[in-house]
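Quick note, in my numbering, the sequence shown goes up one by one and the last residue is 120.
Worksheet: one structure, shown below.
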Amino acid sequence: MPTEFPFFPFSKFRPHVPFLENRSPSIADPWAKREAWRSDSFWSVARRTRALFPGFGLGLVTFGVYLAYDKWYWTAGPGKQEVDAWAKWNDERNARLAKEHGHGHH
Numbered sequence: 015m016p017t018e019f020p021f022f023p024f025s026k027f028r029p030h031v032p033f034l035e036n037r038s039p040s041i042a043d044p045w046a047k048r049e050a051w052r053s054d055s056f057w058s059v060a061r062r063t064r065a066l067f068p069g070f071g072l073g074l075v076t077f078g079v080y081l082a083y084d085k086w087y088w089t090a091g092p093g094k095q096e097v098d099a100w101a102k103w104n105d106e107r108n109a110r111l112a113k114e115h116g117h118g119h120h
């Protein structure tokens, strides 16, 4: 314990990495123990890739639910009445324009 900090609890702040303990490969490679973390599943490519996009799965599911609700709303829900009203208005407009076309034009 350093004498500069006699009351600091250094033992409580030692790094504790469970997956590196008891994984001492052959003594021939002095760096093997320090490289052991690379083979742990915690650092796998799939896990690191998932960590790049946190919340992506939840966002994708939520967007799918929104699309399903939107489809229902405009085809069978409360929005269907509005769609039908606009379709009727558009049909009446097209019929009116078809009658008026040709008088004084071209």
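Beta carbons are placed, not taken as given, at the ideal position from N, Cα and C, and that holds for glycine.
Keep in mind the model is a prediction, meaning the values are calculated, not measured.
Hey, residue i and residue j: beta-carbon distance below 8 Å or not?
i, j, result
"W100", "K94", "no"
Rounded to whole angstroms, what is the Cα-Cα separation between residue i and residue j?
i, j, result
"K47", "V75", "42 Å"
"A50", "A65", "21 Å"
"R107", "E96", "16 Å"
"W86", "S53", "49 Å"
"V59", "P44", "25 Å"
"W103", "A112", "14 Å"
"A90", "P68", "35 Å"
"G71", "A82", "17 Å"
Any idea if residue i is buried or exposed, counting beta-carbon neighbours within 10 angstroms, 16 or more meaning buried?
i, result
"M15", "Note that M15 has pLDDT 47, beneath the 50 cutoff, so the model's placement of it is unreliable and no number is given."
"R62", "exposed"
"R110", "exposed"
Within the continuous alpha helix (DSSP H) that includes residue i, where are the two ends?
i, result
"D54", "That residue, D54, is in no alpha helix (DSSP H); it is neither H nor E in DSSP."
"W45", "Counting along the chain, W45 falls outside any alpha helix (DSSP H), and DSSP gives it neither H nor E."
"G69", "No alpha helix (DSSP H) contains G69, which DSSP labels as neither H nor E."
"G10", "The structure shown does not extend to residue 10, since the chain spans only 15 to 120, so no value can be given for it."
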